[in-house]
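Residue numbers (our numbering): 387 to 860.
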């Protein structure tokens, strides 16, 4: 059976039984008992007279009523009768460990048929209190989540879960290797209740990782900063834009190692982020509204609007002035592909000659002239991004020229290469990624290739007169 539930967990160095006493006093009918659970590993346990496996399919963070809940989708498989298959599974789990069992003695309060609260002392000597509310059990996984109904029903237990508010969560581990959400360029503003608008900040994108007593910042351009004795929350990763000395918090990507449930995005943008405003002097929050006229006058540099679809969790942008991010090489700017044209790559002539080979530059769609160097960019725009930009704005720069890379390309005494594989290193039978031009290291000789995969970047270089492959994972 597929089970969906909300979980809320806190910990403390002292017993938390007084909170259970409070629940028993104000809740009309509860059942309190002591329950012993035997674990063979975290999700293989002996409970209610039989062994069972609880497989976690997904877990997300949900913001509701000023608190962060864990929304868990799991599948429970009970072994009600001991069989040969059960015996084999049992030995696979326990057979290679000297002391495989872990016993958990719970002081358990059953609030009703769906909600319960229990406390126990873990194997580190720390006391934990857990609130669980089960939405239901289903024979198949749900394709849509009726989140309005779920949150309304959860609200009925507010008197219980607010007791958890002032206690710390258990230990967690943040996943700091994050990927930025794609932002789709559009020409016209969409209409509908699911869209929230905000000013598009014109700064440097990055992530702000807040812990209990310090903050980590990671900005494009390999800028890193540690800020001790500061906090924006315990275990929260924000996306942010840095405009000079001000950091603008845009969204929440992760809470205590959990990704955000897409269906609570509106609550995060309109309830949680405003609560973070003015906590620290050099941090601000992005202001979102369903109506353009309700947005405040910007105090920082902006470039158009951001549109967030809170139902599909998709981000769009409508810029005032469109531009391309392109790689420069020997008097030319390179782009991977053009819409409604044969496969690329293409290039166009640079108006400026004193540029650095292998670097990314932002050029104007109006005339193709350089606006600024982008040291924070590792690649130019992808073919998909270029298609969206050309649909929103007319290209008024130099004409595009098609390059034929089907034959062999010569570079500084290098051997030959083609668009599919290296003839000198046949064991590396990989193609290069689609629709993207690399920012190259201009201190060495290089060749820019059309690419077919977006996972690994393969750069053909000569270093100390030796041809080598350099593999850089995203």
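Idealized CB from N, CA, C, for every residue including glycine.
Taking C-beta separations shorter than 7 Å and ignoring five residues to either side along the sequence, the partners of residue 668 in its chain run 631, 632 and 633, following chain order. Take residue 654, set aside five residues on each side of it, and the residues of its chain with a beta-carbon closer than 8 Å to its own are 449, 637, 638 and 646, in chain order. Comparing C-alpha distances from residue 543 to each of 780, 409 and 762 shows the shortest one belongs to 409. The alpha carbon of residue 642 has as its nearest neighbour, out of 753, 708, 747 and 595, the alpha carbon of 595. The beta carbon of residue 615 sits closer than 8 Å to those of 599 and 600, all from its chain and outside the five residues before and after it, given in chain order. By the criterion of at least three beta-carbon pairs nearer than 8 Å, the segment 571-578 is in contact with the segment 767-779.
The count of Cβ pairs closer than 8 Å, one atom from the segment 601-609 and one from the segment 401-421, stays below three, leaving the stretches out of contact. Annotated three-state conformation of residue 781 is coil, per DSSP.
When only Cα atoms are considered, residue 782 and residue 621 end up about 47 Å apart. With respect to the C-alpha of residue 748, the residue from 719, 662 and 476 having the closest C-alpha is 719. Scanning 640, 610 and 527 for the CA closest to the CA of residue 565 turns up 640. In the displayed model, residue 538 falls within a helix according to three-state DSSP.
Counting along the chain, residue 591 sits inside no alpha helix (DSSP H); it lies in the beta strand (DSSP E) bounded by residues 590-596. Minimum Cα-Cα distance from residue 784 among the listed residues 750, 735, 742 and 744 corresponds to 735.
In this structure residue 540 is not in contact with residue 520, their Cβ atoms being roughly 11 Å apart against a cut-off of 8 Å. Around the beta carbon of residue 528, a 10 Å sphere encloses fewer than 16 other beta carbons of the protein chains shown; the residue is thus reported as exposed. Ranking 721, 774 and 701 by CA distance to the CA of residue 765 puts 721 first.
Burial check for residue 704: the Cβ neighbour count within 10 Å reaches 16 or more, so the residue is buried. When Cβ pairs closer than 8 Å are counted between the two stretches, the segment 387-403 is seen to touch the segment 455-472, the count reaching three or more. Cβ contact annotation for residue 569 (same chain, cutoff 6 Å, sequence separation greater than five): 701 and 703, in chain order. For residue 521, the enclosing beta strand (DSSP E) starts and ends at 513-524. Between the segment 678-689 and the segment 469-481 there are fewer than three C-beta pairs closer than 8 Å, too few to call the two in contact. Residue 580 is a Cβ neighbour of residue 696, given a cutoff of 7 Å.
By the Cβ-count criterion, residue 709 is buried, with 16 or more other Cβ atoms from all chains shown falling within 10 Å of its own Cβ. Annotation: the segment 421-495 contains the following complete segments of the beta strand (DSSP E) (minimum length 3 residues), in chain order: 430-433, 436-450 and 453-465. Counting C-beta pairs with one atom in each stretch, the segment 582-593 and the segment 416-433 have fewer than three that are closer than 8 Å, which means they do not touch. Per the C-alpha coordinates, the member of 555, 524 and 497 positioned closest to residue 412 is 497. Annotation for residue 666: 616 and 618 place their beta carbon closer than 8 Å to its own, counting only its chain and skipping 5 residues before and after.
When 772, 739, 733 and 770 are compared, the shortest CA-CA separation from residue 787 is found for 733.
Of the other Cβ atoms in all chains shown, 16 or more fall within 10 Å of the Cβ of residue 592; this residue is therefore buried. In the structure shown, residue 413 adopts coil according to DSSP, grouped into three states. Leaving aside the five residues that flank residue 444 on each side, the residues in its chain whose CB is nearer than 8 Å to its CB run, in chain order, 458 and 459.
Looking from the CA of residue 557, the closest CA among 651, 644 and 524 belongs to 644. Residue 749: member of the beta strand (DSSP E) spanning 746-750, first to last residue.
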